[in-house]
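Peer 1: So for the sequence shown, our numbering puts the first residue at 114; every next one is plus one.
Ideal placement from N, C-alpha and C gives every residue a C-beta, glycine not left out.
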Amino acid sequence: MVAKILIIEDEANIAQLIRLYLEQAGYSVLTAGDGVAGLELHAREHPDLVILDLMLPALDGMEVTRRIRAWASTPILMLTARNEEEDRIAGLELGADDYLVKPFSPREVVSRVKAILRRVAPVAPAGAQGNGGEMPNARDELRFPGLVITIPARRVEVNGQRVTLTVKEFDLLVTLASAPERVFSRESLLNQVWGYTYLGDGRTVDVHIGTLRKKIEAQPDAPQYIKTVWGVGYKFTLEDQR
Ligand code: CA
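Here you go:
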């Protein structure tokens with residue numbers, strides 16, 4: 114299956130350039146010139162990933178992100194201008210997975226898209242071969258008091274209730290929870306979860322940890338699962354689980 118990418122960008126020359134590079138890389142590409150058309154295409158075509166410019170006429174990128182996240186976990190790569198730091202953080206908080214600052218090289222877009230899609234590529238189903246496959250493989254499921262993570266299905270339950278995580282929230286949680294008590298630096302989380310190293314932009318990690326805590330922690334300000342290790346990064350702890 115060829116992955117389908119939706120570009121929502123009002124600057125036609127940028128959209129065309131990205132389209133060209135993505136098509137050369139083997140992706141199927143759709144484009145929309147404003148937020149309304151983008152949402153319509155998203156609903157109709159179910160793309161595998163959305164590249165979304167924040168500054169759009171009619172319906173801006175924030176609102177588009179909010180509306181997509183209301184019903185879908187499609188990965189979103191935001192495009193922002195250099196002076197839109199506040200918007201960038203807000204966009205990540207709304208559930209965008211990653212961002213690129215203009216001007217960027219089209220090659221960089223392709224490598225980001227590849228990195229994001231690599232993370233969401235479906236994993237072979239558990240127990241696909243051998244003895245019935247009824248019991249989940251230990252590595253497919255992470256169980257903690259009040260928290261169950263089923264990795265192949267990318268499913269998370271908190272106290273028996275399913276919660277919907279974005280791609281990066283899920284990947285962060287699995288990375289941390291797969292190695293309880295190990296302290297991860299922001300840089301190593303960027304590397305493992307985003308697939309490359311930013312130039313020291315640990316705020317991306319902080320924002321995603323914040324939105325993840327709101328979804329899985331009973332008290333996000335006093336987390337029982339994901340602890341901040343001051344001056345270093347984060348760890349998944351077993352000590353405070355109740
Ligand atoms: Ca724009």
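Just the C-alpha distance for Ala241 and Glu176, rounded to the nearest angstrom, thanks.
Peer 2: For the purposes of this step, residue 241 is taken as the residue at position 128 of the sequence shown. For the purposes of this step, residue 176 is taken as the residue at position 63 of the sequence shown. With a pLDDT of only 40 at Ala241, under 50, the local geometry of the prediction cannot be trusted, and the value read off the model is given with reservation. Near 41 angstroms, if we compare the C-alpha coordinates of Glu176 and Ala241.
Peer 1: Do the CB positions of Leu207 and Thr178 come within less than 8 angstroms of each other?
Peer 2: Position 94 of the sequence shown, counting from 1, holds the residue named residue 207. Position 65 of the sequence shown, counting from 1, holds the residue named residue 178. Contact flag set, yes.
Peer 1: In terms of alpha-carbon separation, which member of Arg232, Leu260 and Lys328 lies closest to Asp284?
Peer 2: By one-based count along the sequence shown, residue 284 stands at place 171. Measuring from the Cα of Asp284, the nearest candidate turns out to be Arg232.
Peer 1: What do you reckon, is the C-beta of Leu152 under 7 angstroms from a heavy atom of ligand 1?
Peer 2: The residue you call residue 152 lines up with position 39 of the sequence shown. No; taking the cut-off as 7 angstroms, the Cβ of Leu152 has no heavy atom of ligand 1 nearer than that.
Peer 1: So what does DSSP say about Tyr347, is it helix, strand or coil?
Peer 2: Mapped onto the sequence shown, residue 347 falls at position 234. In the structure shown, Tyr347 sits in a strand (DSSP, three-state: E or B).
Peer 1: Going by DSSP, what residues sit across from Gln274 in a beta bridge?
Peer 2: The residue labelled residue 274 in the question sits at position 161 within the sequence shown. According to DSSP, Gln274 bridges with Val271.
Peer 1: Shortest alpha-carbon distance to Leu165 belongs to which of Ile262, Gly146, Glu282 and Glu330?
Peer 2: Counting from 1 along the sequence shown, the entry for residue 165 is found at position 52. The shortest Cα separation from Leu165 among Ile262, Gly146, Glu282 and Glu330 belongs to Gly146.
Peer 1: Assuming the contact rule is C-beta atoms closer than 8 angstroms, Thr279 and Ser186 should be a hit. Round their C-beta distance to whole Å, please.
Peer 2: Position 166 of the sequence shown, counted from the first residue, corresponds to residue 279. Position 73 of the sequence shown, counted from the first residue, corresponds to residue 186. The pair is a contact, with the Cβ atoms about 6 angstroms apart (cut-off 8 angstroms).
Peer 1: State the DSSP-derived secondary structure class of Thr317, mapped to helix, strand or coil.
Peer 2: Residue 317 sits at position 204 when you count from the first residue of the sequence shown. Residue state, collapsed to three classes: helix.
Peer 1: Does the beta carbon of Leu169 fall short of 7 angstroms from some heavy atom of ligand 1?
Peer 2: Residue mapping note: residue 169 aligns to position 56 of the sequence shown, counting from 1. Under cutoff, so the answer is yes.
Peer 1: Suppose the cutoff is 6 angstroms on Cβ atoms and the five residues either side in sequence are ignored; what does the same chain contact list for Glu254 look like?
Peer 2: Numbered from 1 along the sequence shown, position 141 holds the residue referred to as residue 254. Excluding sequence neighbours, Glu254 sits near Thr263.
Peer 1: Cα-Cα, which of Leu130, Leu169 and Ala156 is closest to Ile121?
Peer 2: Translated into the one-based positions of the sequence shown, residue 121 becomes position 8. Comparing Cα-Cα distances from Ile121 to each of Leu130, Leu169 and Ala156, the minimum goes to Leu169.
Peer 1: Between the Cα of Glu282 and those of Gln305, Ile131 and Ala194, spot the shortest distance and give me the residue it belongs to.
Peer 2: What you label residue 282 is simply residue 169 of the sequence shown in a count that begins at 1. It is Gln305 whose Cα lies nearest to the Cα of Glu282.
Peer 1: Assuming Tyr212 is part of the alpha helix (DSSP H), what are its boundary residues?
Peer 2: The sequence position of residue 212 within the sequence shown is 99, counting from 1. Element bounds for Tyr212: not the alpha helix (DSSP H) but the beta strand (DSSP E), Asp211 to Val214.
Peer 1: Among Asp161, Ile322 and Ala203, which one has its Cα closest to the Cα of Leu167?
Peer 2: Residue 167 sits at position 54 when you count from the first residue of the sequence shown. For the residues Asp161, Ile322 and Ala203, the minimum Cα distance to Leu167 belongs to Ala203.
Peer 1: Gly209: which of Ser218, Ala194 and Leu190 sits nearest, CA to CA?
Peer 2: Walking along the sequence shown from the start, residue 209 turns up at place 96. Residue identity differs from the one stated: residue 209 is Ala in this sequence, not Gly. Of the candidates Ser218, Ala194 and Leu190, the one whose C-alpha sits nearest the C-alpha of Ala209 is Leu190.
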